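Colleague:
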Amino acid sequence: MIENPLLRNLNNLQKQAVMVQGANILVNAGPGTGKTRVLTARIAWLLEQGTDAHDLLAITFTNKAASEMAERMKVACPEGGVKITTFHSWAYDLLCKKRPLDRTPVVITEDEQKRLFREAAHSVGLKGDTRPLFQRLQFLKQFFPIDLQDEAEDLRLAWQHYQNSLAAHNLYDFDDLIISAIAILEEERGRDSNFRPYRHILIDEFQDVSPAQYRLCQLLAGPGCCIMAIGDPHQSIYGFRGSNPALMEKFMQDFSPCTRISLITAYRCGQNLLDAARVVLREKSAPRLISANTIPGSITFKQFKGPSQEATWIAKTIDRLSGGVSFESLNQGSATGQELRSLSDIAILFRINSLGEILAKELAKMGIPYQVSPKSHHSSDENLNKIWHILELLEGHHVDYHSIMLSKEERKIVLSLSGHKKQALRTLEPVNLLDTLSEAFGLHLESVEKAFLERAIASHRQGKPLSLALKTEQDYLDFHVEAVSLLSLHASKGLEFPIVFIAGCEQDIIPLKDCDPREERRLFYVGLTRASEQIFITCTSERQLWGERITVRPSQFIKEIDGFIEKEGKKPGVKRRKKVHQKKLF
DNA sequence: GAGGTTCAACCTTTT
DNA sequence: GTTGAACCTC
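All you need for the numbering used here is the position in the first sequence, starting with 1, plus 18.
#1: Can you give me the Cβ contacts of residue 569 inside the same chain, cut-off strictly under 7 Å, excluding the 5 residues immediately before and after it?
#2: Could you please give me the residues that DSSP links to residue 101 through a beta bridge?
#3: Tell whether a beta-carbon distance below 8 Å holds between residue 197 and residue 553.
#4: Could you give the residue range of the alpha helix (DSSP H) that holds residue 38?
#5: Reducing DSSP to helix, strand and coil, say where residue 534 ends up.
#6: For residue 187, which of helix, strand or coil comes out of DSSP?
#7: Along the chain, which unbroken stretches of the beta strand (DSSP E) at least 3 residues long are found entirely within the stretch 315-346?
#8: Bridge partners for residue 506 per DSSP, in chain order?
#9: Terminal residues of the continuous alpha helix (DSSP H) containing residue 313?
#10: Roughly how many angstroms separate the alpha carbons of residue 293 and residue 228, rounded to a whole number?
#11: I need the boundaries of the alpha helix (DSSP H) containing residue 131, first residue and last residue.
#12: In three-state DSSP terms, what is residue 239?
#13: How far does the alpha helix (DSSP H) with residue 451 in it reach, from first residue to last?
#14: Who are the near neighbours of residue 260 in its chain, counting only those whose CB is closer than 8 Å to its CB and skipping five residues on each side?
#15: Whose C-beta lies closer than 7 Å to the C-beta of residue 232 among residues of the same chain, with five residues either side of it excluded?
#16: Between 39, 445 and 182, which has its C-alpha nearest residue 135's C-alpha?
#17: Whose CA, out of 551, 432, 54 and 143, lies closest to the CA of residue 174?
#18: Between residue 291 and residue 412, what straight-line distance do the alpha-carbon atoms span, to the nearest angstrom?
#19: Can you give the Cα-Cα distance for residue 493 and residue 218, rounded to whole angstroms?
#20: From the DSSP output, read off the bridge partner residues of residue 280.
#21: Hey, quick one: how far does the beta strand (DSSP E) through residue 61 stretch, first residue to last?
#22: Note the first and the last residue of the continuous alpha helix (DSSP H) segment covering residue 157.
#23: Going by DSSP in three states, residue 244 sits in which element: helix, strand or coil?
#24: So the beta strand (DSSP E) residue 285 belongs to, where does it begin and stop?
#25: Please list the terminal residues of the continuous alpha helix (DSSP H) segment that includes residue 445.
#26: Run through DSSP, which three-state label would residue 492 get?
#27: Less than 8 Å between the CB atoms is what I'm expecting for residue 245 and residue 221, so what's the real figure, rounded?
#28: Taking just the CA atoms, how far does residue 367 sit from residue 64?
#29: Could you pull out every residue in the same chain whose Cβ sits closer than 7 Å to the Cβ of residue 116, ignoring the five residues on either side in sequence?
#30: Could you say which of 499, 530 and 363 lies nearest to residue 575 if we only look at CA atoms?
#31: Measuring CB to CB, does residue 298 end up less than 8 Å from residue 195?
#32: With DSSP run on the structure shown, which of helix, strand or coil describes residue 227?
#33: When the Cα of residue 285 is compared with those of 315, 301, 302 and 275, which residue comes out closest?
#34: Taking the alpha-carbon positions, what's the residue 33 to residue 27 distance?
#35: With DSSP as the reference, label residue 560 as helix, strand or coil.
#36: Can you tell me whether residue 571 is buried or exposed, with buried defined as 16 or more other CB within 10 angstroms of its CB?
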């Protein structure tokens, strides 16, 4: 029998996973074991087996991951037609289908969520700081069913009021999307026991599902539906939003019959890196991954006096590795004889964003191009949102809601406009309208934002609801750009770089104080397994944190992986072992 | 209701 | 060391 070309480049375990029939599948896929490859191969294989594309659903966590997978699918099977989406988008689409057309659900941002909640808390007579209550609400919303039994009366009251005010304007926060989808599906299932929308569901990064999303999975599947859940419980790092590595085990029981496959060949990291990472993980149940990489991967550890020395050293090292753009390296030339690196091959990871800022400054000083994780996009989102509220207010929609979202001053400006002026604004060319608004409200729109808003306003004037027209496609980091990536450990998940720096590797930062120590281990595991060839771990003896200057010790993890760290002036342990091995051979 | 003062957080983050 | 929210004063 001729082997299917889709399966040709897969190893045996991957093939097995791709071709499971008549059972749910749980794939334990450690770092670099070909998770996405298995997922896409399975979709392609199912299609080839005659599955209708409409019976297939692939779910990822981020839009970015979804579009990347869609891109891969285009290559694997150009006819395509398979729905690749996120939990939230899927839920949003369902909501749109179930609501009357004139009542398009509007999703609010976290900022708006906070304001609305505070407003709600105050209107039920709560005094004092409402932030702890809000945090609790956000956490509880990740669960299903939501249990308010043991919660404070204050929280219940404020919650109720918050949800009422959302409902009054057809608003949903991100968690409501999932919660509402669950409610719709439960109701539907109660009415019609044949309700089975998909025959095959594939879920990526399953270790990140929240209990609510897990419930959604249960409702989407039923007899005759096969789920492939793929993920790595050891990379579960989103406990603060409800995810839990134990859910993967629960899947085995709840979705019986279920085949479990653990991929053990890793194509990214060298063996030395994999073994070091496994030591930090301290999970006896974790299988030892075997690297297909011939380079063992080296770990270097450096301790500095303070953050500026650390940053300088990192910047200089990057400069040296990349052949250099700085004055110094131009003088020295690339005398090291090492192969030069593209800046896009290098990432600097850190536990807390404040460390990233120091590093960014130093790189800027040296003239090394860098890009930071998408956190900074936040401010531009705020601009877009503000414009949205202003425009809606100008049109007189949901006046009370949109008013809350603007500052008093801004509100005054909008509401004081005469009807005549409003009408004039409405007919203004989008470009001019934006200019007028930016000036009146002191907004600084970047040209990209402006172009985007112009398009949105134009399409709105052709009859599209403004909220829909503005529904943004976030700009994501482009890792092909010739720049060093500065990322939090969390943001680095799913990415890979030949060379990785982990900065600020100090006790109480990595692992971070007062955090779940097991999750901190998994987080460091994620960090170590981002690199394929080389890791530089740095720490300092002194750190200024939250205004206080403190002396710090190296992270406990350093000691734990000491045997895997390359010692200065000495050959690394692994290489030596290799030599011994070779002697035996001859 | 604007403007100053005090007090406590301050980690990770996608949708 | 900075921010955001609540509270206080005029």
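Glycine included, C-beta positions come from ideal geometry on N, C-alpha and C.
Here the structure is a predicted model, which is why all the values come from computation and not from measurement.
Modeller: Checking against the coordinates, here is how it stands:
#1: 559 and 560
#2: 75
#3: no
#4: Neither: residue 38 is in no alpha helix (DSSP H) and is coded neither H nor E.
#5: coil
#6: coil
#7: 316-322
#8: 368
#9: Premise fails: residue 313 is in no alpha helix (DSSP H) and is neither H nor E.
#10: 29 Å
#11: 128-141
#12: coil
#13: 448-459
#14: 157, 160, 161, 228, 229 and 230
#15: 265
#16: 182
#17: 143
#18: 58 Å
#19: Annotation note: pLDDT 45 at residue 493 (below 50); position unreliable, coordinate value reported separately. For residue 493 and residue 218, the distance between alpha carbons rounds to 31 Å.
#20: 46
#21: Run containing residue 61: none in the beta strand (DSSP E); it sits in the alpha helix (DSSP H), 53-66.
#22: 149-158
#23: strand
#24: Counting along the chain, residue 285 falls outside any beta strand (DSSP E), and DSSP gives it neither H nor E.
#25: 437-445
#26: Because residue 492 sits at a pLDDT of 45, beneath the cut-off of 50, its placement in the model cannot be relied upon, and the point is left open.
#27: 7 Å
#28: 38 Å
#29: 202
#30: 530
#31: no
#32: coil
#33: 315
#34: 9 Å
#35: strand
#36: exposed
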